[in-house]
Structures are given as C-alpha cells and as structure tokens.
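Numbering (the working numbering), first residue to last: 10 to 383.
Here it is in structure tokens:
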C-alpha cells in the first residue's frame, strides 16, 4: 500500500516520512486511532515505504521487487499478528495459521474492522484473541535475520486483544529488540493495552479523516455526485467505515438504527415484558454486533444532544436518524447526556469482557428509564 492510497492523514504521513529522512525511526510505535480513521493502512504504507528499494522522498515506488511483495503482503520480512480463534483441529491458534484469509481480508479492504475480520472467519459470536502461543511465535520469527530488507517489521493489529502472557513476551522483545526490527502496534483503545507496553512505544495519534479528504475519496471510489458525497462525508464524522455503511445501506446499520429506537422507547416506557423480549433478541446477535450496536448508540446520544442544543447544522446524522432525533432529542440534554454515555460505555465494557448479554442490556434499559426522565 502506498501513502498515496491513504485517505487524508497528511500530517501523520509527513511525520512518518520525516522520521525516515532524519533516520530517527522508533523501533516500537503505537498507531492509535478510531475505527475507520486509517491506522492499519498507515502502518501498511509505512512498511512498504521502508522496504521499498527505490523510494522517493514522498512515497514508495510501487514497482520494485520489494514493493510487489509487500503489496501482496508476502514479503518474507513483513510479519503480522492479529486476533484469531481456535479451530476444529484443536491446534494452538496463532496468526500464521490464518495468514491466507488475513491477506485476502486486507487486500480487499485495508480499512476493514475487527467485526468484519471475525465475520470473515465465520466467528461473529466468538472473541478473537492474541494468545500466549503467539508471543512464542513472535520471538521465533524475530530471532532470525532479515531475508531481504533492511528491517524486519512486525505489524500487530489490535494489541488490545492480547492476553497478559502474550503481552509480557512482547514487552521483553520491545525492551530488548532484535537488531533492525520494528514493531508497529495498530490499536483503537489504549486502555486495554498493558501500561508497560504503552510506556515503551512511541505514540502516534491518528485523528479523524478530514471532511474534505473523505468527500474526495467517496466521490472517486463510489462515483457519488458532489451533493451525496458531501452529505455522507459530513455525517460520517471522519470515519471511512461509517461512510461506507451509509453508502451501502448495510443491514447492520439499519438494524442498529431500529434497535436504538426500540431500546430508547422501551426504556422510557418501562414496560418490563416488552423490554425482556427485546433483550432476548439482542442477546442473539453475537458479542461483536452487540458492541457495534452500543458504539452506534453512543454516537446517537451525542448527536441528539447536539440537536437538543439547537445546533442542527453540526449534527452528523442521516436523513432517517434526523427524522427520529427531531422528536427524541428533547429527552437528551446536558443533565443526562453524560450519564447515559457512561452507562453505554459500561455496557460496552461488560460485553467485551464476556458478561451475560441479557443481564447487561436489561440493566442498561432500567438505568436509561431513570435517566431519560431527568
């Protein structure tokens, strides 16, 4: 992947180029950015830039032998670690056993999400993890000399899914790195990464994609007219994944929208039998889709507050969402918005930690009943 393929993020790209020019490349870097901001594409493009045999000051050449291998993610000095699931063979689950579907996944869409990766593995109801065995594999791979490139590069996608034992093995490598070895950790939430790892990595914060950059990308990639591209770029809040969902009118987006309306109406009404029936349905979705729904709900609460404060031009909502919010936003105000977001955050955390979904969502509805009446 080339820097030219990245949507926006010019400040970060310039920083990465500068570290190469000044020969000040940190051996362990944490690219931290929200879903759809482009942290993984940046890591992939930076890896290709470093391995390119004929790079310019601005980008990899894209045509040399190294670039051709990296473009297929088959360069012998480029390694990947990512969350995986146990398979039916009872073998120890490590990334190398899933490298073929992983390559297909990022070749198809380098902006792909964790939820989409689990779906690609037919594991939507399973939690992908980076286990202790992966730590041993990392040590084994990086103990060897590089085959072709100046650097061995290890891209670790979603280090927040790494268990403590794997994290400790990685920490030892970061503390005493093999010669000419670079670690690129690509994460969304630093709270789930060991503090000792955080303290030993150089943090590169990846911000939202600018509205203008997203507008251009949507026009070019999806052949949208100016009006449609601008509208979607505005409501997507710098998130390319969200923009694609709006364009594709995906089932998940519609389902999240429908579930949000139902959850808020039932929470306000406090009708327990109907509430329980809804919770039973949400519990069937699978953990990752439940988390996606809670993340969507957080955004909707925030945008409804914006509407409540008479800032309609700043609200990043679709036409359908705006139609509902114009009626619902009167219930979201400064006195309860923060508290509602806290409860949604807690629910997200509990679901991520394998709590019983029925208990989590029923408790959330009860708490929202009180907060919506403040």
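Cβ coordinates follow ideal geometry from the N, Cα and C atoms, glycine included.
For residue 192, the enclosing beta strand (DSSP E) begins and ends at 190-196.
Around the beta carbon of residue 377, a 10 Å sphere encloses 16 or more other beta carbons of the protein chains shown; the residue is thus reported as buried. Between residue 361 and the set 122, 90, 136, 91, the nearest pair of CA atoms involves 136.
Here DSSP, grouped into helix, strand and coil, assigns residue 319 to coil. By the neighbour-count criterion, in which 16 or more other beta carbons inside 10 Å mark a residue as buried, residue 305 falls on the buried side. Residue 292 and residue 367 have their C-alpha atoms roughly 6 Å apart.
Relative to the Cα of residue 106, the nearest Cα in the group 351, 119, 88, 118 belongs to 88.
Ranking 68, 86, 61 by CA distance to the CA of residue 74 puts 61 first.
When the Cα atoms are used, residue 295 and residue 41 turn out to be separated by approximately 26 Å.
Closest in C-alpha terms to residue 166, from the list 138, 142, 256, 12, comes 138. When DSSP states are grouped into helix, strand and coil, residue 153 belongs to the coil group.
With 16 or more other Cβ atoms inside 10 Å of its own Cβ, residue 299 counts as buried. Annotation for residue 163: the continuous beta strand (DSSP E) segment containing it runs 161-166.
Nearest neighbour of residue 301 by Cα position, chosen from 192, 250, 238, turns out to be 250. Counted as a single uninterrupted DSSP element, the stretch harbouring residue 292 is not any alpha helix (DSSP H), since DSSP gives it neither H nor E. Burial check for residue 253: the Cβ neighbour count within 10 Å reaches 16 or more, so the residue is buried. Between the stretch 141-160 and the stretch 178-189 there are three or more C-beta pairs closer than 8 Å, enough to call the two in contact.
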